[in-house]
């Protein structure tokens, strides 16, 4: 058994990559992408998460706001 009083900084530094690499690559992306998703959806204005896949002008003759029929 290892005496806890004998553990020094060199021992902790050797195990730091084994702790930090999984946290950065596996755990940290979830809250980062969740915050980014909520930020983007908040920037969309009123209406929350009701996303119209085809867009509001999907069945009209307008492309990018101008009439293409004439």
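Residue numbers (UniProt numbering): 1 to 70.
Positions of the beta carbon are idealized from the N, C-alpha and C atoms, including for glycine.
Check, Outcome
"Three-way DSSP call (helix, strand, coil) for residue 28 in this model", "coil"
"Contacts around residue 20, its chain only, beta-carbon distance under 6 Å, and the 5 residues preceding and following it disregarded", "none"
"Nearest-angstrom Cα separation, counted from residue 43 out to residue 15", "41 Å"
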